[in-house]
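Positions 1 to 225 (the UniProt record's numbering) are the ones given, in order, by the sequence shown.
We put the beta carbon where it would ideally sit given N, CA and C, even for glycine.
A short write-up of the structure that comes next.
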Amino acid sequence: AEIELDKTVHAVHFTDQRLLDLQNHTREDQVLNALCETVMTGWPSEVKEVSKTLKPFWSMKDQLSVEDGFLTKGRAIVIPQVMRKEALQRIHEGHQGVTKCQLRAKDCVFWPGINKDIEKLCLSCHVCQKHQRANPHEPLKPHDIPTRPWEVLRADLFLWEREEYLIVADYYSKYQIVRKMPQFVTSAAVIKALKQIFSELGIPSKLNTDNGPQFSSVQFKEFAA
């Protein structure tokens, strides 16, 4: 339960296709393209020498980096303008209210003014407001009771101290395996980690997941079939 809460509050994951879209839109975004060039070539010595469009990034310049076509602030991906509405919708899934949505976005996605955008969206959402007043608890979902070790497993992704991990838990023995994942977790990365675990300990009869993007992709469904 703690793992699922951590994932719900803190993590915003991307499918392989959306990561490709992020690369393309970052390159096409005039501000982020210019920011990437500045990050790679070096910042001016004084803020007055920075262009108006890049000044919002001056205070965080030491946290910015470019890797594989992605612009990041720490571990958070800097989202291009054209994809911010979609990112807000992803953050807003679950209608957890302002604070939890901001925590969900933290260390995952970023753009200047993101916290204000989240606050504006949540305060205008009657579902968020109702949820915040009622603060309901989700009912526990029953699962199959295994009869032997490694028969039924649970796989989840979670964030810990700004690092992404895959955890695989055995329902019968409560045995858990944790594997550190790459910065941008794709279905292919999850499949690779699971193949390695299964090659060492065997293939389970059933694997439960939360059906997040990495687990609901066509690639993962083909792997699990």
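Starting from the Cα of E37, find the closest Cα among D21, V66, F215 and P56 and give me that residue. V66
For S216, report the span of its alpha helix (DSSP H) as first-last. P213 to S216
Of all the alpha helix (DSSP H) runs that stay within the bounds of the UniProt domain "Integrase catalytic" (145–225), which reach a length of 4 or more residues? 187–201, 213–216 and 218–224
Span of the beta strand (DSSP E), counted from its first residue to its last, around I91: It is not in any beta strand (DSSP E) - I91 instead sits in the alpha helix (DSSP H) that spans R84 to H92.
Segments of 4+ residues assigned as alpha helix (DSSP H) that fall wholly inside the stretch 100–130: 114–123
Neighbourhood of K206 by C-beta distance below 6 angstroms, restricted to the same chain and skipping five residues each side: V152
Would you kindly work out how many angstroms separate the C-alpha atoms of residue 229 and R179, rounded to a whole number? For residue 229 there is no data in the structure shown, the boundaries of the chain being 1 and 225.
Quick one, are the C-beta atoms of P112 and H25 less than 8 angstroms apart? no
F57 in three-state terms, based on DSSP: helix
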